[in-house]
DNA sequence: ATAAGCCTTCCAGTTGTGGGAATGTCAAGA
DNA sequence: TCTTGACATTCCCACAACTGGAAGGCTTAT
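Residue numbers (my numbering), protein chains in the order written: chain A, 1 to 134; chain B, 135 to 268.
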């Protein structure tokens with residue numbers, strides 16, 4: 001299978017597959033006579049794994065660790081779980097931060113009448129005050 | 135005031151102030167005889183504005199637009215409000231995405247017993263299945 | 001004189017791709 | 001057979017928003 005077919009099957013763009021190879025996330029592909037990269041089923045499976053983990057917000061580096069755990073058939077499931085729980089904590093931190101930002105923004109916009117007049121508490125507060133800060 | 139004092143007063147690192155100048159977010163600072171950048175109260179105020187807007191998740195480009203709105207004393211408050219509401223929508227999209235990711239991760243970890251045994255639904259699902267997908 | 005603590009510019013690295021150029025290869029149709 | 005289109009290759013640049021570091025200049029105090 002050429003890189004284009006793999007890209008189609010996995011949803012990972014060809015360019016990204018080459019990048020993953022370059023940074024060592026996946027091993028170098030076997031080359032055909034013409035120099036084209038050649039892939040098999042395992043490669044597709046691996047790239048799907050990577051794609052799903054990426055969609056779950058794991059960094060590429062994290063995905064590397066997950067792949068290592070995946071390949072190590074003897075690791076304790078506790079290790080994997082700890083890793084995932086850690087990532088959940090990180091996601092929750094980001095959610096909390098965004099929610100705090102959202103609250104501040106809503107506070108600002110609520111007090112802005114939003115008509116033709118120029119005075120606007122949003123900019124006033126950005127300029128002068130601390131907005132809903134701790 | 136030298137760049138270091140401004141950095142201290144505003145919380146924006148000196149390096150970042152130079153960067154903002156370079157990309158045109160703030161105008162080039164006046165230089166003293168010795169080539170040092172020199173700042174006044176307005177500059178501090180502007181950088182505080184920028185800092186607050188950045189903390190509210192506005193991109194640097196967005197901050198540029200906010201600064202323009204801020205300086206244009208005659209713009210309608212509706213313009214500013216629309217801008218902010220738009221940003222709220224964007225923040226809410228990001229929150230929703232993260233919450234969906236979080237739900238998937240929790241679904242995975244809940245089914246992983248997390249002990250010494252090697253079998254782990256987290257990796258199994260990443261490898262084989264579509265996780266809580268639409 | 002020298003040391004510390006500022007300041008300056010410039011260059012490179014970060015994360016995870018995407019775009020595009022220049023070039024090579026393959027399969028199919030006129 | 002020649003050409004055309006759709007692939008593939010490598011290489012380098014760009015993005016966002018900084019951050020770090022090197023190499024050097026200025027100021028002030030000791």
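A virtual CB, placed ideally from N, CA and C, is assigned to each residue, including glycine.
Within a Cβ cutoff of 6 Å, which residues of the same chain sit near residue 145 of chain B, ignoring the five residues on either side of it in sequence? Here residue 145 of chain B refers to the residue found at position 11 when the second chain is read from its first residue. Within the same chain, residue 145 of chain B has close Cβ partners 185.
Please decide whether residue 28 of chain A counts as near chain B, where near means a Cβ-Cβ distance under 9 Å. Taking the first chain and counting its residues from 1, one reaches residue 28 of chain A at position 28. Chain B, which has no Cβ nearer than 9 Å to the Cβ of residue 28 of chain A, makes this no.
Please state if the CB of residue 127 of chain A and the CB of residue 155 of chain B are separated by a distance shorter than 9 Å. Locating residue 155 of chain B in the second chain gives position 21, counting from the first residue. Locating residue 127 of chain A in the first chain gives position 127, counting from the first residue. Not a contact, by the Cβ cut-off of 9 Å.
Note down, in chain order, every chain A residue with its Cβ under 8 Å from the Cβ of residue 143 of chain B. Taking the first residue of the second chain as 1, we reach residue 143 of chain B at position 9. Residue 143 of chain B does not reach chain A, its nearest Cβ partner there being about 14 Å away, counting only Cβ pairs nearer than 8 Å.
Report yes or no: is there a C-beta of chain B within less than 9 Å of the C-beta of residue 91 of chain A? Residue mapping note: residue 91 of chain A aligns to position 91 of the first chain, counting from 1. True, the Cβ-Cβ gap to chain B drops below 9 Å.
Contacts that residue 235 of chain B makes with chain A (C-beta to C-beta distance below 7 Å): If you number the second chain from 1, residue 235 of chain B lands on position 101. In chain order: 56, 57 and 91.
Rounded to the nearest angstrom, what separates residue 84 of chain A and residue 189 of chain B at their Cα positions? The count along the first chain starts at 1 and reaches residue 84 of chain A at position 84. The count along the second chain starts at 1 and reaches residue 189 of chain B at position 55. If I take the Cα positions, the gap works out to 28 Å.
Check distances from the C-beta atoms of the region 194-216 of chain B to those of chain A and list, in chain order, the residues that come in under 8 Å. If the cut-off is 8 Å between Cβ atoms, the region 194-216 of chain B has 200, 203, 204, 207, 208, 209, 210, 211, 212, 214, 215 and 216 near chain A.
Find the nearest neighbour of residue 196 of chain B within the set B:232, B:212, B:159 and B:247, judged by alpha-carbon distance. Position 62 of the second chain holds residue 196 of chain B. Residue B:159 is the option with its Cα nearest to residue 196 of chain B.
Report whether the distance from the Cβ of residue 108 of chain A to the nearest heavy atom of the ligand FAD is below 8 Å. With respect to small molecules bound, the structure shown includes none, and the ligand FAD cannot be examined in it.
Against chain B, does residue 41 of chain A count as a neighbour if the rule is that its beta carbon must be under 9 Å from one of theirs? The residue given as residue 41 of chain A occupies position 41 in the first chain. Cβ-Cβ to chain B under 9 Å: no for residue 41 of chain A.
Using the Cα positions of residue 48 of chain A and residue 237 of chain B, report the straight-line distance between them to the nearest angstrom. Walking along the first chain from the start, residue 48 of chain A turns up at place 48. Walking along the second chain from the start, residue 237 of chain B turns up at place 103. Distance between the alpha carbons of residue 48 of chain A and residue 237 of chain B: 20 Å.
At 7 Å on the CB atoms, spell out the chain A contacts of residue 240 of chain B, in chain order. Within the second chain, residue 240 of chain B is the residue found at index 106, counting from 1. Here the neighbours are 88.
What are the uninterrupted segments assigned as alpha helix (DSSP H) that are 4 or more residues long and contained completely in the region 40-76 of chain A, given in chain order? 41-55 and 60-71
Compare the C-beta of residue 123 of chain A with all C-beta atoms of chain B and state if any pair is closer than 9 Å. Translated into the one-based positions of the first chain, residue 123 of chain A becomes position 123. Judged by the 9 Å Cβ criterion, residue 123 of chain A is in contact with chain B.
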